[in-house]
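> Order-wise, the sequence lines are chains A and B. Going by our numbering, the first sequence opens with residue 1, and the numbers climb by one from there. Going by our numbering, the second sequence opens with residue 277, and the numbers climb by one from there. We treat Cβ as the ideally placed atom computed from N, Cα and C, and that holds for glycine. Remember, it's a predicted structure, so these values are computed and weren't measured experimentally.
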Amino acid sequence: MSAVSQAQQIPRLAHTGRVTQLRVALSEWTKLRSLRSTLWSLFAGVLLTILLPVLFAAITSSHWGSMSPHERADRHPLDIALAGVNVSQLAIAVLGVLVITGEYSTGMIRASFTAVPKRLPVLWAKTAVFAVVAFLLMLPPVLIAFFASQAILSRHHILQISFSHPGVARSVIGGAVYLMLVGIFALGIGAIVRNTAGAIATFAGIFFVIPPLMNILPSNWNHAISKYLPSEAGRQLFSLTHDANSFSPGAGALLFVGYCALTLAIAAILLVRRDT
Amino acid sequence: MATMIEAENLTKYYGEQRAVDDLSFTVQPGVVTGFLGPNGSGKSTTMRLILELDAPSSGDVTVNGKHYRDHTAPLHEVGALLEARSVHTGRSAYNHLLALAQTHGIGRRRVDELIDLVGLHDVARKRAGKFSLGMGQRLGIAAALLGDPSTIMLDEPVNGLDPEGILWVRHLLRGLAAEGRTVFVSSHLMSEMSLTADHLIVIGRGRKIADMSTDEFIRQASGGLVLVRTPQAAELEALLSGPDVTVTAAGPGLLEVRGLTAVQIGEAAAANQLVLHELTPQQASLEEAFMTLTRDDVEFKAAELEPEEAVL
């Protein structure tokens, strides 16, 4: 009984602070770093980004002797260096979705919105924290992947390209920027759909299903439409070469940023209006 | 500024379903107010409306004079435990509380204090998904107390708690009310509420059925039947008799008292140094009366022509 009666005394809080955007961001950082599943997925993304280019560089080097000239001409060192980006974008997208849908599926969102009933600071904080983490975490791997794959290729004196070669630095760093934007886009989709499976399916539909379908269209239609797709616009960030059917890196990036902003704007409107 | 919850003609539809129906009430500070109703009667919906997790279809509700969303430090105004768990299953109890605390600039020491207070010290670093229902409730209560709120709102807090835990919650709620805070607790168990709450708001099918002190509700609902066993039956009968009280002898040394609560009878006996061997409020009939009350309301709504007396 004594333990029970002691427990009644609630310690008073010395002073109470108001909710600020910065405090909500700190809270979201705590949420992000305290989920083991998040950390493992990010780790997997980092590992894939480094290991795939190293693997492709090694395979290309060892098979170089038996490749036809046509095959050799088809290989590009930057494609090898950034091969991991295409794979880890899925890991980043799934994480971006989970940052928000994980709260809906567990009921955590009610606690979050009780603490921050204006709601929008939660969306902005989640987006900013995840974007910064995704960029800072993916930038070293793309750089490592570039220099590691170049080191392997240069030992066989093939497919060498310098980091100072025009467009190379932009493409490599652009790979990390692209991954960050993919994460933001996916987070927005997650906030709109609110359901993990539905949001991942929506993202996969936009990024992996619609683009190949474009090839069925008459090629002049395909060329006219395809470059406006989010995945194609974003890809210009880490593509070295650009032709008449694709945007420049700057224009592509701008369009992709526009898609991210649009997704977040829709998410923001729905977030404030819908019941939780 | 008054610390209270004020609902005015609160109504909530989910599609065609009317979950809360023209509900008006005030929850006062300094007492424990029980929010009583059968499952599905709209208690949780009302609490979500108070926190503005859901928007009302019509009507209005304020906490401490403002809409919940307009408070600059909401966790300092209202601490809430919601019925469905509101915790990410993959996060530890400590990090869950820390993340909530950080939105208000509340420090780690406060988080540690509350973890100790609710008795989760040994499992604070374990994933909340592994918690039992009772541990989950304790974590929810810790979250509710984080901001040292003037209003505490708990949805079915004793669900899943063991007897010691139930007793702990009861003491906690009474202590919080004694400090002058507004305490609003929902339950579908009349017996639990009769032990905890000073005031009751009873709803059925989203409509208010009763809004009165617990003593008065018990007197009305159960006919106030209390069994008293005493070797001094005659003296006690003479002592208790009054205009609104009926005392009948149910056997040798056994009285049935209507119109007084067990507390009142016990205190009257003690003040007059009468020996009591048994003092039993008829709790079974209390639960029954509560069910009859809420069922009547449902029937009353279904057949609008029934006379009003059917309600109570």
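From what residue to what residue does the beta strand (DSSP E) around A/Ile10 run?
Working through the first sequence from its first residue, we reach residue 10 of chain A at position 10. No beta strand (DSSP E) holds A/Ile10; DSSP gives it neither H nor E.
> Along chain B, which residues have their Cβ under 8 Å away from the Cβ of A/Ser290?
As shown, chain A starts at 1 and ends at 276. That puts residue 290 of chain A outside it, with no answer to give.
> Cβ of A/Gly183 within 9 Å of Cβ of A/Phe130?
Counting from one through the first sequence, the residue named residue 183 of chain A turns up at place 183. Counting from one through the first sequence, the residue named residue 130 of chain A turns up at place 130. Yes. Within cutoff.
> Check the Cβ of B/Ala419 against every Cβ in chain A and list those closer than 7 Å, keeping chain order.
Position 143 of the second sequence, counting from 1, holds the residue named residue 419 of chain B. Those within 7 Å of B/Ala419 in chain A are Ala111.
> Hey, out of B/Ile477, B/Ser467, B/Arg385 and B/Phe311, whose CA is closest to A/Ala14's CA?
Sequence index remark: in the first sequence, residue 14 of chain A carries index 14 (1-based). Nearest option by C-alpha distance: B/Arg385.
> Indicate whether A/Ala81 and A/Ala169 have their beta-carbon atoms separated by less than 9 Å.
By one-based count along the first sequence, residue 81 of chain A stands at place 81. By one-based count along the first sequence, residue 169 of chain A stands at place 169. The answer is no: Cβ separation not under 9 Å.
> Between the alpha carbons of A/Thr49 and A/Gly252, how many angstroms are there, rounded?
Indexing the first sequence from 1 puts residue 49 of chain A at position 49. Indexing the first sequence from 1 puts residue 252 of chain A at position 252. When rounded, the distance between both Cα atoms is 22 Å.
> Scan the stretch 357 to 393 of chain B and note each continuous alpha helix (DSSP H) run of 4 residues or more that stays entirely inside, going in chain order.
The stretch 357 to 393 of chain B contains these whole alpha helix (DSSP H) runs: 369 to 378 and 384 to 393.
> Quick one: what's A/Phe277 bridged to in DSSP?
Residue 277 of chain A lies beyond the range of chain A shown here (1 to 276); nothing can be said about it.
> Kindly say whether B/Val354, judged by its beta-carbon, lies nearer than 9 Å to any beta-carbon of chain A.
Here the question's residue 354 of chain B lines up with position 78 in the second sequence. It does; some Cβ of chain A falls within 9 Å.
> Apart from the five residues on each side of it in sequence, which residues of its chain come closer than 8 Å, Cβ to Cβ, to A/Val19?
Reading the first sequence from its first residue, position 19 is the one you call residue 19 of chain A. Excluding residues within five positions, the ones whose Cβ falls inside 8 Å are Ala115, Val116, Lys118 and Pro121.
> Quick check on DSSP: helix, strand or coil for A/Ser66?
What you label residue 66 of chain A is simply residue 66 of the first sequence in a count that begins at 1. Three-state DSSP puts A/Ser66 in a helix.
> Quick one: does B/Val296 have its CB under 9 Å from some CB of chain A?
In the second sequence, counting from the first residue as 1, residue 296 of chain B sits at position 20. No, B/Val296 does not count as interfacial toward chain A.
> Helix, strand or coil: which one does DSSP assign to B/Ala419?
Taking the second sequence and counting its residues from 1, one reaches residue 419 of chain B at position 143. Three-state DSSP puts B/Ala419 in a helix.
> Determine the DSSP secondary structure at B/His475, reduced to helix, strand or coil.
Here residue 475 of chain B corresponds to residue number 199 of the second sequence, with the count starting at 1. The answer is strand: DSSP assigns B/His475 an E or B state.
> Quick one, which residues of the stretch 14 to 35 of chain A are near chain B if we go by CB-CB under 7 Å, in chain order?
The residues in question are Thr16, Gly17, Arg18, Val19, Arg23, Val24, Leu26, Ser27, Thr30, Lys31, Ser34 and Leu35.
> Would you report the Cα separation of B/Gly416 and B/Ala356, rounded to the nearest angstrom?
As a first step, residue 416 of chain B is located in the second sequence; it is residue number 140 there, counting from the start. As a first step, residue 356 of chain B is located in the second sequence; it is residue number 80 there, counting from the start. So the two alpha carbons sit approximately 8 Å from each other.
> Quick check: the stretch 393 to 408 of chain B against the stretch 467 to 476 of chain B, are at least 3 beta-carbon pairs closer than 8 Å?
Touching, no, given that fewer than three Cβ pairs across the two stretches are closer than 8 Å.
> Please list, in chain order, the chain B residues whose beta carbon lies closer than 8 Å to that of A/Arg12.
Translated into positions along the first sequence, residue 12 of chain A becomes position 12. Within 8 Å Cβ-Cβ: Asp424.
> In terms of alpha-carbon separation, which member of B/Leu376, B/Pro528, B/Pro519 and B/Leu501 lies closest to B/Leu421?
Within the second sequence, the letter at position 145 stands for residue 421 of chain B. The candidate whose alpha carbon is nearest that of B/Leu421 is B/Leu376.
> Could you give the distance in angstroms between the alpha-carbon of B/Val296 and the alpha-carbon of A/Trp221?
Your numbering for residue 296 of chain B matches position 20 in the second sequence. Your numbering for residue 221 of chain A matches position 221 in the first sequence. Each residue's alpha carbon lies about 54 Å from the other.
> Do B/Phe460 and B/Thr309 come within 9 Å of each other at the CB atom, strictly closer than that value?
Here residue 309 of chain B is taken as the residue at index 33 of the second sequence, counted from 1. Here residue 460 of chain B is taken as the residue at index 184 of the second sequence, counted from 1. Cβ atoms of B/Thr309 and B/Phe460: closer than 9 Å.
> Give every residue of the same chain whose Cβ lies closer than 7 Å to the Cβ of B/Leu581, excluding the five residues on either side of it in the sequence, and list them in chain order.
Here residue 581 of chain B refers to the residue found at position 305 of the second sequence. Because the pLDDT of B/Leu581 is 42, which lies under 50, any placement of that residue in the model is unreliable, and the number read from its coordinates should be weighed accordingly. Here the set comprises nothing.
> For B/Lys484, which three-state DSSP category applies?
Within the second sequence, numbered from 1, the residue matching residue 484 of chain B stands at position 208. DSSP places B/Lys484 in strand when its eight states are reduced to three.
> Please determine, among A/Thr16, A/Leu90 and A/Ala261, the residue with the shortest C-alpha to C-alpha distance to A/Ala191.
Position 191 of the first sequence, counted from the start, is the residue given in the question as residue 191 of chain A. Taking only the C-alpha atoms, the option nearest A/Ala191 is A/Ala261.
> Is the number of C-beta pairs between the stretch 367 to 374 of chain B and the stretch 443 to 454 of chain B that are closer than 8 Å three or more?
Touching, no.
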